[in-house]
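Trainee: Using the numbering used here, read the sequence shown as starting at 7 and increasing by one per residue.
Built from N, CA and C at the ideal position, the CB exists for glycine as well.
Remember, predicted model here, so these are calculated numbers, not experimental data.
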Amino acid sequence: MWKPSARSWTVLTVTAALVLGVGLPASASPLVRDDPTWDDVQAAKQNAQAKAQEVDNITSIIATLEDEAAARADEAFARGQEYLKASYDLQAASGYADTLTAQAADAQTKADTAKAQIGQLVAQLYRAGGDSTLGLILEQDQSDQLLYRLGTMSKLTEQTAGIRDRAVAAQNTADALTAQADRARAERDRLATEASDRLAAAEDAQAAADAKVADNQTRKQTLTAQLATLNDRSVEVERAYLESEAYKAAQRAAEEAAKAAERAKAAEEEQPGSAWVPGSGEVASPAEAQAFAASQMGNYGWGGGQFDCLVQLWIGESGWRANAYNPSSGAYGIPQSLPASKMASVGADYVTNAATQIIWGMNYISDRYGTPCGALSAWQARSPHWY
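1. Taking just the CA atoms, how far does Glu200 sit from Glu88?
2. Buried or exposed: where does Ala173 fall if 16 or more other Cβ atoms within 10 Å of its Cβ makes it buried?
3. Confirm, please, whether the CB-CB distance from Ala69 to Arg191 is below 7 Å.
4. If you draw a straight line from the C-alpha of Lys226 to the C-alpha of Leu71, how long is it?
5. Under three-state DSSP, which class holds Met7?
6. Please classify Asn178 as buried or exposed, where buried requires at least 16 neighbouring CB atoms within 10 angstroms.
7. Between the alpha carbons of Val38 and Trp366, how many angstroms are there, rounded?
8. By the 10 Å Cβ neighbour count, where 16 or more other Cβ atoms means buried, how is Gln212 classified, buried or exposed?
9. Counting only the same chain and skipping the five closest in sequence on each side, list residues whose C-beta sits under 7 Å from that of Leu183.
10. Since Leu197 and Ala92 are thought to touch, with beta carbons under 8 Å apart, how far apart are those beta carbons, to the nearest angstrom?
11. In three-state terms, what does DSSP make of Arg170?
12. Alpha helix (DSSP H) containing Met368: first to last residue?
13. Can you give the Cα-Cα distance for Tyr331 and Tyr338, rounded to whole angstroms?
14. Since Asn222 contacts Glu74 with CB under 8 Å, what's their CB separation in whole angstroms?
15. Please report the residue range of the alpha helix (DSSP H) in which Val317 lies.
16. Can we say the region 349-357 touches the region 296-307, given the rule of at least three CB pairs closer than 8 Å?
17. Count the other C-beta atoms from every protein chain shown that fall within 10 angstroms of the C-beta of Glu242, then say buried if there are 16 or more, exposed otherwise.
18. Does any CB atom of chain D fall closer than 7 Å to the CB of Ser291?
19. Could you check what DSSP says for Ala354 in three-state terms: helix, strand or coil?
20. Helix, strand or coil for Trp392 per DSSP?
21. Please report the straight-line C-alpha distance between Ala384 and Ala234, rounded to a whole angstrom.
22. For a test of the three-state rule: what should DSSP assign to Ser291, helix, strand or coil?
23. Once you ignore the five residues that flank Leu140 on each side, which residues in its own chain have a CB closer than 6 Å to its CB?
24. Hey, Ala328 and Gln363 are a contact pair by Cβ (cut 8 Å); roughly how many whole angstroms apart?
25. Closest to Pro341 by C-alpha separation, out of Ser301, Gly311 and Gln296, would be which residue?
26. Within this structure, are the beta carbons of Arg189 and Ser100 separated by less than 7 Å?
27. What is the residue span of the alpha helix (DSSP H) that Gly380 lies within?
28. What separation, rounded to the nearest whole angstrom, lies between the Cα atoms of Ile371 and Cys379?
29. Identify whether Thr43 lies in helix, strand or coil by the three-state DSSP scheme.
30. Only counting the same chain, and skipping five residues up and downstream in sequence, which positions put a Cβ closer than 7 Å to that of Pro292?
31. Would you say Gln123 and Ile169 are within 7 Å of each other, going by their C-beta atoms?
32. Going along the chain, which residues of its own chain have a beta-carbon closer than 6 Å to the beta-carbon of Gly310, five neighbours each way excluded?
33. What's the C-alpha gap between Asp118 and Asp171?
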């Protein structure tokens, strides 16, 4: 969570990595368009005006796909955070119920002990009983002994009254604690049901997000190829152009988000909280993630000094936690991809797989800054930090 739950619901500093595109809020309703066919593309090439319109149409569809994927991812993360909160509430309620149950049992034990002591004293009084006044009149020769017995009985009566009062108080305490424990267990059961419902909602939202990302990946490949044909460019050149334009838009969005974070006086040092992840709920530890990143450095021609920069950069961004989630910006993962679905370009398991996140993050750093030290320098120069 994750850091302790209190941190997970605060407004966090925007520390998002700029990515190739920017998502709309989950509440946005993207326009629905039919993808053009190859016949449409070929027909548009014959007419300059139609060509320009079709270029705009395809570019808009690609942007909409990005927005839809980002919205689905945000929805999944939001449902996941609701589940985390419900599960933490359940843990707290369970602990409270267990504590009250133990306290009630302890109080009942004390009450039972006091009652047993009263019984013993009553038995002693009975054994010392008889009509003491009559005995005093008839047995004057034994009056000293009888007075001693009366004194003993008086003391036993006083002890009995004291123990009786303590027994009543202990029983009242036990009854009150038992009632509180019953209410706590009822609340625990309610929260257990709520947590189960939240988990189901999170799993459904994640499945929908995964399906959307997979569908969009296929559609984007076709649309990019069609756009390249219209612009008489190669698919790789077209993809690079689209990524560059998306990067510019994301940069503007990140700058606005940074200003908003400053206005909210968010602490620069505060890192994102932890998000729920589907499946087993387990992700690689920060140490394991760093070990994998170190093994990949040579693929980019980066030396040991660059790894030190990478470690510092992603400590500042996410603490090297694969499930680090910033609810104020929607950034996710070790490199804090914004939106998270951008990492699907490396693998569909980007939500849980630290290796997928790291490779995407390294590709991003290589494309935008050349080296991790270049990215770290840019990150340090900005307040709040982002890269």
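Mentor: The structure says:
1. As a working note, residue 88 is residue 82 in the sequence shown. As a working note, residue 200 is residue 194 in the sequence shown. Glu88 and Glu200: Cα-Cα distance of roughly 10 Å.
2. For the purposes of this step, residue 173 is taken as residue 167 along the sequence shown, with counting starting at 1. When all chains shown are included, Ala173 counts as buried.
3. Sequence index remark: in the sequence shown, residue 191 carries index 185 (1-based). Sequence index remark: in the sequence shown, residue 69 carries index 63 (1-based). Not closer than 7 Å, so no.
4. Translated into positions along the sequence shown, residue 226 becomes position 220. Translated into positions along the sequence shown, residue 71 becomes position 65. Near 8 Å, if we compare the C-alpha coordinates of Leu71 and Lys226.
5. Here the question's residue 7 lines up with position 1 in the sequence shown. Residue confidence is low: Met7 scores 32 on pLDDT, short of 50, so the model does not pin down where it sits. Its coordinate-derived value is still stated next. Of the three classes helix, strand and coil, the one that applies to Met7 here is coil, per DSSP.
6. As a first step, residue 178 is located in the sequence shown; it is residue number 172 there, counting from the start. Asn178 should be labelled exposed.
7. Taking the sequence shown and counting its residues from 1, the one referred to as residue 38 is at position 32. Taking the sequence shown and counting its residues from 1, the one referred to as residue 366 is at position 360. With a pLDDT of 42 at Val38, under the threshold of 50, the predicted position of this residue should be treated as unreliable, and no value is reported.
8. Position 206 of the sequence shown, counting from 1, holds the residue named residue 212. Flag for Gln212 reads buried.
9. Residue mapping note: residue 183 aligns to position 177 of the sequence shown, counting from 1. The answer, listed in chain order, is Leu106, Gln109, Ala110 and Ala113.
10. Locating residue 197 in the sequence shown gives position 191, counting from the first residue. Locating residue 92 in the sequence shown gives position 86, counting from the first residue. About 7 Å separates the two Cβ atoms, so the contact holds.
11. Mapped onto the sequence shown, residue 170 falls at position 164. Under the three-state reduction of DSSP, Arg170 is assigned to helix.
12. Locating residue 368 in the sequence shown gives position 362, counting from the first residue. First-last of the alpha helix (DSSP H) with Met368: Ala360 to Arg374.
13. On the sequence shown, residue 331 is found 325 positions in, with the first residue counted as 1. On the sequence shown, residue 338 is found 332 positions in, with the first residue counted as 1. Within the model, the alpha-carbon separation for Tyr331 versus Tyr338 is close to 5 Å.
14. For the purposes of this step, residue 222 is taken as residue 216 along the sequence shown, with counting starting at 1. For the purposes of this step, residue 74 is taken as residue 68 along the sequence shown, with counting starting at 1. Going by Cβ atoms, the distance from Asn222 to Glu74 rounds to 7 Å, so yes, they are a contact pair.
15. Against the sequence shown, residue 317 aligns to sequence position 311. Val317 -> alpha helix (DSSP H) spans Gly310 to Ser324.
16. Contact between the region 349-357 and the region 296-307 is absent: fewer than three C-beta pairs spanning the two stretches fall below 8 Å.
17. Within the sequence shown, residue 242 is the residue found at index 236, counting from 1. So Glu242 ends up on the exposed side.
18. Of the chains in the structure shown, none is chain D; there is only one protein chain.
19. Translated into the one-based positions of the sequence shown, residue 354 becomes position 348. In this structure, Ala354 counts as coil in the three-state DSSP scheme.
20. In the sequence shown, residue 392 corresponds to position 386, counting from 1. Coil.
21. Taking the first residue of the sequence shown as 1, we reach residue 384 at position 378. Taking the first residue of the sequence shown as 1, we reach residue 234 at position 228. So the alpha carbons of these two residues sit roughly 32 Å apart.
22. Translated into the one-based positions of the sequence shown, residue 291 becomes position 285. In the structure shown, Ser291 sits in coil (DSSP, three-state: anything other than H, G, I, E or B).
23. By 1-based counting over the sequence shown, the position of residue 140 is 134. Unreliable placement is indicated for Leu140, whose pLDDT of 47 sits below 50; the coordinate value is still reported in the next sentence. Take Leu140, set aside five residues on each side of it, and no residue of its chain has a beta-carbon closer than 6 Å to its own.
24. As a first step, residue 328 is located in the sequence shown; it is residue number 322 there, counting from the start. As a first step, residue 363 is located in the sequence shown; it is residue number 357 there, counting from the start. About 6 Å separates the two Cβ atoms, so the contact holds.
25. Within the sequence shown, numbered from 1, the residue matching residue 341 stands at position 335. The residue with the shortest Cα to Cα distance from Pro341 is Gln296.
26. Numbered from 1 along the sequence shown, position 183 holds the residue referred to as residue 189. Numbered from 1 along the sequence shown, position 94 holds the residue referred to as residue 100. Note that the C-beta distance between Arg189 and Ser100 is not below 7 Å.
27. By 1-based counting over the sequence shown, the position of residue 380 is 374. Pro378 to Ala387 is the extent of the alpha helix (DSSP H) around Gly380.
28. Reading the sequence shown from its first residue, position 365 is the one you call residue 371. Reading the sequence shown from its first residue, position 373 is the one you call residue 379. One C-alpha to the other measures close to 9 Å.
29. Walking along the sequence shown from the start, residue 43 turns up at place 37. Looking at Thr43 - three-state DSSP - the assignment turns out to be coil, as it is neither helix nor strand.
30. Here residue 292 corresponds to residue number 286 of the sequence shown, with the count starting at 1. Cβ neighbours of Pro292 beyond the five flanking positions: Gly325, Trp326 and Arg327.
31. Taking the first residue of the sequence shown as 1, we reach residue 123 at position 117. Taking the first residue of the sequence shown as 1, we reach residue 169 at position 163. Yes; because the gap between Cβ atoms is below 7 Å, this pair is in contact.
32. On the sequence shown, residue 310 is found 304 positions in, with the first residue counted as 1. Correct list: empty, nothing qualifies.
33. The residue given as residue 118 occupies position 112 in the sequence shown. The residue given as residue 171 occupies position 165 in the sequence shown. Each residue's Cα considered, the two are about 13 Å apart.
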